[in-house]
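This report refers to the structure that appears directly beneath it.
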Amino acid sequence: GTIPPGGTVPPAPIDFVNGFVRVVHAAPFAADVNDTAVDICDENDTPIPGLIGLLYLNESGYLPFSPGTYDWYVGTPGCASQMVDIPAFNLFVNAALTLYILGDGTNQQFTTVLSVDRVGLNQVVHLPLIQPKSQ
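Sequential numbering of the sequence shown, starting at 1, is according to the numbering used here.
Structure representation (structure tokens):
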């Protein structure tokens, strides 16, 4: 959707299975807004569903993804070429991250910033040590 006036967007939903990623396209790198279309692509040059055809001043809304490590980039439509790399990031259960696409490539470097909106759950469960019975 389009970024609403005042820039307020609803918070991420609560989910104890997935984490959430939202992308905000704030990079005015072309005079015609239709020429600002980008796709978010994975390391295999595959567009990420829900993060395709984003135009300047669009935001994707929070999309659910399985917990894990992601290595994406901002690409031209169809992931034909890479415009800017997104450093690999970890997504935890119930985490909410926002990826901002920034810069115009001329006056400001074209870049991305990843914001942690909600940390999520990164818990390690320690099971009790069971001692064998002595004979």
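Note that the Cβ used here is the ideal one computed from N, Cα and C, for glycine as well.
Can you check which of these residues, Gly53, Asp42 and Gly61, is closest to Leu97 by C-alpha distance? Reading the sequence shown from its first residue, position 97 is the one you call residue 97. Residue Gly61 holds the alpha-carbon nearest to the alpha-carbon of Leu97 among Gly53, Asp42 and Gly61.
Residues that DSSP places opposite Ala96 in a beta bridge: Here the question's residue 96 lines up with position 96 in the sequence shown. Residue pairing by DSSP places Ala96 opposite Phe20 and Arg118 in a beta bridge.
Does the separation of the CB atoms of Tyr73 and Phe89 fall below 7 Å? Sequence index remark: in the sequence shown, residue 73 carries index 73 (1-based). Sequence index remark: in the sequence shown, residue 89 carries index 89 (1-based). Contact: no.
So what's Gly78 in DSSP terms, helix, strand or just coil? Within the sequence shown, the letter at position 78 stands for residue 78. In the structure shown, Gly78 sits in a helix (DSSP, three-state: H, G or I).
For Glu138, count the other beta carbons within 10 Å of its own beta carbon; 16 or more makes it buried, fewer makes it exposed. Which is it? What is shown of the chain runs 1 to 135, which leaves residue 138 out entirely.
Apart from the five residues just before and just after Val113, which ones in its own chain have a Cβ nearer than 8 Å to its Cβ? Numbered from its first residue, the sequence shown carries residue 113 at position 113. In the same chain as Val113, and ignoring 5 residues on each side of it, the C-beta atoms closer than 8 Å to its own belong to Leu99, Tyr100 and Leu102, in chain order.
Within the chosen definition, does the stretch 47-54 reach the stretch 104-119 through at least 3 CB pairs nearer than 8 Å? A contact is defined here as three or more CB-CB pairs under 8 Å, and the stretch 47-54 fails this definition with respect to the stretch 104-119.
Going by beta-carbon coordinates alone, are Val93 and Pro67 separated by less than 7 Å? Within the sequence shown, the letter at position 93 stands for residue 93. Within the sequence shown, the letter at position 67 stands for residue 67. Less than 7 Å separates the beta-carbon of Val93 from that of Pro67.
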